[in-house]
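See below for the structure under consideration.
2 protein chains.
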Amino acid sequence: MLKELAEKIIKGNKSAIAKGISMVENEFNGYSELLKLLYSHTGHAYLIGITGPPGAGKSTITNNLIRLLVKKGYKVGVIAVDPTSPFTGGALLGDRIRMQEKELDENVFIRSMATRGSLGGLSAKCKQTSEILDASGKDFILIETVGVGQSELDIAQTADTTVVVLVPESGDAVQTMKAGLMEIGDIFVINKSDREGSDALGVALRTMLHLKMKSDSDRETPVVKMIALRDQGTDELLDFILRHRDYLISKGKLEVKRKEHLIKQINELVTSRLENNFWTDDRKNILRKNIDRIVQRELNPYDFAESLL
Amino acid sequence: MLKELAEKIIKGNKSAIAKGISMVENEFNGYSELLKLLYSHTGHAYLIGITGPPGAGKSTITNNLIRLLVKKGYKVGVIAVDPTSPFTGGALLGDRIRMQEKELDENVFIRSMATRGSLGGLSAKCKQTSEILDASGKDFILIETVGVGQSELDIAQTADTTVVVLVPESGDAVQTMKAGLMEIGDIFVINKSDREGSDALGVALRTMLHLKMKSDSDRETPVVKMIALRDQGTDELLDFILRHRDYLISKGKLEVKRKEHLIKQINELVTSRLENNFWTDDRKNILRKNIDRIVQRELNPYDFAESLL
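In order, the protein sequence lines correspond to chains A and B. So for the first sequence, the numbering used here puts the first residue at 18; every next one is plus one. So for the second sequence, the numbering used here puts the first residue at 18; every next one is plus one.
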């Protein structure tokens with residue numbers, strides 16, 4: 018059964034991919050066996066993270082990139098993790114699917130990931146979903162997240178190339194810096210670049226990027242001007258993405274980056290297993306029995322946690 | 018030494034509080050001993066979480082609340098965890114401090130928490146900081162976070178009362194719902210309520226809050242209109258906060274809520290200890306030796322993690 022599902026996923030069967038991702042999302046029986054079967058078929062896809070503040074136009078840019086990549090003959094997977102995006106959440110996914118023509122339908126797989134309720138574990142699930150898409154033969158996987166929360170930034174950073182999308186209205190460059198976006202961008206996009214303030218933002222961005230550039234760095238971070246709603250700048254953006262990929266490969270940096278991501282993934286796997294093994298019924302009972310004493314300040318949570326260990 | 022520091026904190030000494038928080042933030046030697054010494058002095062402060070999208074005016078509302086609370090004779094602690102706020106980050110904290118008069122200076126302690134670089138652990142550190150402020154005799158602790166990321170929402174939710182701040186421009190009510198803000202708010206604020214769209218947002222909010230209200234619920238979630246920049250509505254907001262506190266206490270719900278928060282805190286403590294204990298030099302070496310085989314797809318991360326355990 019699992020082997021059959023894995024084979025179908027590897028052949029690119031859409032309903033098998035959807036089923037596999039659901040297994041992972043809901044941690045159904047056998048989901049980790051499935052991931053094990055698929056893992057040797059991964060490593061081909063190139064992961065592009067697209068992040069930025071709410072309302073910057075990330076979804077439009079993602080859609081433009083999908084179309085361009087498909088036109089060039091590539092197969093594309095998309096993972097949308099954006100709590101503020103109207104595209105996120107099953108109910109509204111239809112909006113996005115409706116705009117697909119047949120060619121898109123055959124070569125694109127789009128999946129939204131629920132961010133609410135799934136306390137933690139989101140970044141692990143996002144990684145596992147990208148493995149399924151990777152194994153299914155996608156050439157590029159776009160991961161769209163809103164770059165405000167720490168966990169969302171972490172997800173964008175599991176990509177090979179991270180694109181940070183800004184708009185003149187999204188606040189000054191100092192706010193961008195403070196929001197941690199400055200550190201994670203391999204490419205910056207100024208979207209809605211026909212609006213006022215776009216030149217000033219460009220100058221401020223370039224200055225700050227130049228200032229933070231390490232003296233041993235051999236690459237200047239590009240800033241691309243776009244008007245995504247008119248599909249202006251998509252070619253240039255893709256060009257910069259591919260150039261960044263070539264740069265990473267030629268310098269041996271892609272392997273280093275992926276190694277770091279794998280280490281992070283293994284850390285998360287270990288933690289979740291440690292937690293599951295630790296919280297036996299016995300320990301849960303001890304916690305239940307003592308919680309009132311901690312509430313009453315007879316016992317402190319630090320000593321209690323140590324006594325459990 | 019630690020005992021002395023704890024005693025000074027309990028007396029409300031400002032530099033001792035700052036030192037204690039720095040110990041916790043940087044996990045300096047003895048920080049958990051300090052928390053143990055302080056724990057029996059906590060439980061007095063009432064925790065108010067203030068969250069909402071960037072630009073909604075959370076900092077202004079927080080400042081207004083600080084002034085009002087101090088005027089009423091209360092001691093106030095503030096923890097600002099907002100990656101997009103200009104108040105967050107040491108460099109710009111001065112802006113906030115400069116507006117303080119002597120009375121504020123004596124009764125208020127404000128601390129910004131860095132969110133970048135501290136992968137995870139932020140919610141634990143926020144909780145521990147609030148314990149230090151609590152032990153120092155603060156009556157109210159305001160925790161200001163930007164409500165977009167999952168981890169930031171989690172932090173807001175460690176409060177006794179969670180206030181969600183919206184503005185007419187911050188997107189429609191559906192987006193608010195999707196962003197998970199609808200579920201966590203005990204009180205909603207429509208800030209900048211003189212602007213267009215504020216009535217429509219109010220109607221939509223009330224409708225949705227009413228729809229999601231459980232049939233056994235005995236409390237309607239209030240929606241407060243404010244113009245924070247003109248300090249309009251602060252009294253009403255505080256009134257609703259105090260009424261919510263009375264409601265929680267009279268129904269025995271405050272203890273239940275705090276118990277849940279404690280369980281979450283203990284879970285986090287356990288996880289961080291499990292991780293520290295697990296990653297011995299030996300295991301780190303095994304990981305280092307095998308990571309290339311995983312990159313080469315000879316081994317998958319799932320089997321590898323299991324073999325480590």
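In this text, a Cβ means the ideal position worked out from N, Cα and C, and glycines have one as well.
Contacts around A:L54, its chain only, beta-carbon distance under 8 Å, and the 5 residues preceding and following it disregarded: Taking the first residue of the first sequence as position 1, residue 54 of chain A is located at position 37. Apart from the 5 residues on each side of it in sequence, A:L54 sits with its Cβ closer than 8 Å to the Cβ of L19, K20 and A23 in its chain, given in chain order.
Chain B within 8 Å of A:R314, Cβ atoms only: As a position in the first sequence, residue 314 of chain A is number 297, starting the count at 1. Chain B contact via Cβ: present.
Name the chain A residues whose beta carbon is nearer than 8 Å to that of B:A322? For the purposes of this step, residue 322 of chain B is taken as residue 305 along the second sequence, with counting starting at 1. By Cβ distance, chain A contributes I283, L286, V287 and R290.
Residues sharing a beta bridge with B:I160, DSSP: As a position in the second sequence, residue 160 of chain B is number 143, starting the count at 1. Paired residues: B:G66 and B:I96.
Per-residue DSSP class, three states only, for B:Q174: Against the second sequence, residue 174 of chain B aligns to sequence position 157. Residue state, collapsed to three classes: coil.
Quick one: does B:S49 have its CB under 8 Å from some CB of chain A? By 1-based counting over the second sequence, the position of residue 49 of chain B is 32. Using beta-carbon distances, B:S49 counts as an interface residue toward chain A, with a partner under 8 Å.
Secondary structure at B:T7, three-state DSSP: helix, strand or coil? Lying before the first or after the last residue shown, residue 7 of chain B is absent from chain B, which here runs from 18 to 326.
Could you check if A:I266 is buried or exposed, using at least 16 other CB atoms within 10 Å of its CB as the buried criterion? As a first step, residue 266 of chain A must be located in the first sequence, where it is residue number 249. Burial check for A:I266: the Cβ neighbour count within 10 Å stays below 16, so the residue is exposed.
Is any beta-carbon of chain A found at less than 8 Å from that of B:F295? As a working mapping, residue 295 of chain B is identified with position 278 in the second sequence. True, the Cβ-Cβ gap to chain A drops below 8 Å.
Look at B:V182 and B:G60 and say whether their C-beta atoms are less than 8 Å apart. Within the second sequence, numbered from 1, the residue matching residue 182 of chain B stands at position 165. Within the second sequence, numbered from 1, the residue matching residue 60 of chain B stands at position 43. Cβ atoms of B:V182 and B:G60: not closer than 8 Å.
Pick out whichever of B:I308, B:D309, B:A173 and B:V93 has its Cα sitting closest to the Cα of B:I67. Along the second sequence, one-based indexing puts residue 67 of chain B at 50. B:I67 has its Cα closest to that of B:A173, out of B:I308, B:D309, B:A173 and B:V93.
When the Cα of B:L279 is compared with those of A:I26, A:R314, A:L286 and A:Q282, which residue comes out closest? Position 262 of the second sequence holds residue 279 of chain B. Relative to B:L279, the option among A:I26, A:R314, A:L286 and A:Q282 whose CA is nearest is A:R314.
Cβ-based neighbour list, B:E213, same chain, cut-off 6 Å, excluding 5 preceding and 5 following: Position 196 of the second sequence, counted from the start, is the residue given in the question as residue 213 of chain B. Correct list: empty, nothing qualifies.
Chain A residues whose Cβ lies nearer than 9 Å to that of B:G60: On the second sequence, position 43 is the one that residue 60 of chain B refers to. Chain A residues near B:G60: V312, Q313 and R314.
Can you check whether the CB of B:D211 is closer than 8 Å to the CB of B:K274? Translated into positions along the second sequence, residue 274 of chain B becomes position 257. Translated into positions along the second sequence, residue 211 of chain B becomes position 194. No; because the gap between Cβ atoms is not below 8 Å, this pair is not in contact.
CA nearest to the CA of A:G154, picked from A:F126, A:K144 and A:L170: For the purposes of this step, residue 154 of chain A is taken as the residue at position 137 of the first sequence. Per the C-alpha coordinates, the member of A:F126, A:K144 and A:L170 positioned closest to A:G154 is A:F126.
Going along the chain, which residues of the stretch 256–282 of chain A sit with their C-beta nearer than 7 Å to a C-beta in chain B? When C-beta distances to chain B are compared with 7 Å, the residues of the stretch 256–282 of chain A below that value are E272, R275, K276, L279, I280 and Q282, in chain order.
Pull up the distance between the alpha-carbon of A:Y319 and that of A:D216, whole angstroms please. Against the first sequence, residue 319 of chain A aligns to sequence position 302. Against the first sequence, residue 216 of chain A aligns to sequence position 199. Answer to the nearest angstrom: the Cα atoms are 53 Å apart.
Let me see if you follow: with CB-CB separation under 8 Å, is A:K142 close to chain B or not? By one-based count along the first sequence, residue 142 of chain A stands at place 125. Answer no: the Cβ-Cβ gap between A:K142 and chain B never drops below 8 Å.
Go ahead and label B:F205 buried or exposed: buried means 16 or more other beta carbons lie within 10 angstroms of its beta carbon, across all protein chains shown. Position 188 of the second sequence, counting from 1, holds the residue named residue 205 of chain B. Buried, because 16 or more other Cβ atoms sit within 10 Å of the Cβ of B:F205.
At a cut-off of 7 Å, is A:L55 close to the ligand SAH when judged by its beta-carbon and the heavy atoms of the ligand? Questions concerning the ligand SAH fall outside what the structure shown contains, since it holds no ligand whatsoever.
Decide if the stretch 141–159 of chain B is in contact with the stretch 80–99 of chain B; the criterion is three or more beta carbon pairs, one per stretch, under 8 Å apart. Between the stretch 141–159 of chain B and the stretch 80–99 of chain B there are three or more C-beta pairs closer than 8 Å, enough to call the two in contact.
When the Cα atoms are used, what is the spatial distance from B:T77 to A:T224? Here residue 77 of chain B corresponds to residue number 60 of the second sequence, with the count starting at 1. Here residue 224 of chain A corresponds to residue number 207 of the first sequence, with the count starting at 1. Approximately 30 Å, taken between the alpha carbons.
Does the stretch 286–297 of chain A come close enough to the stretch 27–35 of chain B that 3 or more CB-CB pairs lie under 8 Å? Contact between the stretch 27–35 of chain B and the stretch 286–297 of chain A is absent, with fewer than three C-beta pairs closer than 8 Å.
Using a Cβ cut-off of 8 Å (strictly closer), state whether A:P239 contacts chain B. Along the first sequence, one-based indexing puts residue 239 of chain A at 222. The C-beta of A:P239 comes no closer than 8 Å to any C-beta of chain B.
Cβ of A:L222 within 8 Å of any chain B Cβ: Numbered from 1 along the first sequence, position 205 holds the residue referred to as residue 222 of chain A. A:L222 does not count as touching chain B.
Residues of chain B with a CB under 8 Å from the CB of A:Y319: which are they? Working through the first sequence from its first residue, we reach residue 319 of chain A at position 302. Neighbours of A:Y319 on chain B, chain order: S49, L52, K53, Y56 and L286.
Does any residue of chain B have a CB that is nearer than 8 Å to the CB of A:I334? It is not possible to answer for residue 334 of chain A, since the shown part of chain A is limited to 18 through 326.
Pop quiz: A:D252 and A:L85 are said to be a contact at Cβ under 8 Å. What is the actual Cβ separation, rounded to whole angstroms? The residue given as residue 252 of chain A occupies position 235 in the first sequence. The residue given as residue 85 of chain A occupies position 68 in the first sequence. Approximately 7 Å separates the beta-carbon atoms of A:D252 and A:L85; this is inside 8 Å, confirming the contact.
Are the CB atoms of A:F321 and A:I369 within a distance shorter than 8 Å? Since the first residue of chain A shown is 18 and the last is 326, residue 369 of chain A is not available in this structure.
Option in A:G269, A:L246 and A:V241 with minimal Cα separation from A:I258: To locate residue 258 of chain A, count along the first sequence from 1; it is residue 241. Ranking A:G269, A:L246 and A:V241 by Cα distance to A:I258 puts A:V241 first.
In this structure, how does DSSP classify A:Q249 when only helix, strand and coil are distinguished? Within the first sequence, numbered from 1, the residue matching residue 249 of chain A stands at position 232. Three-state DSSP puts A:Q249 in a strand.
When you compare only the Cα positions, how much space is there between B:L316 and A:N307? Taking the second sequence and counting its residues from 1, one reaches residue 316 of chain B at position 299. Taking the first sequence and counting its residues from 1, one reaches residue 307 of chain A at position 290. A:N307 has its alpha-carbon roughly 43 Å from the corresponding atom of B:L316.
So, using beta-carbon positions, are B:A245 and B:N81 closer together than 8 Å? Position 228 of the second sequence, counted from the start, is the residue given in the question as residue 245 of chain B. Position 64 of the second sequence, counted from the start, is the residue given in the question as residue 81 of chain B. Closer than 8 Å, so yes.
Closest to A:L170 by CA distance: which of A:G69, A:D263 and A:K268 is it? Position 153 of the first sequence, counted from the start, is the residue given in the question as residue 170 of chain A. That would be A:G69, whose Cα lies nearest to the Cα of A:L170.
Contacts that B:L325 makes with chain A (C-beta to C-beta distance below 7 Å): Here residue 325 of chain B is taken as the residue at index 308 of the second sequence, counted from 1. The contacting residues are V287.
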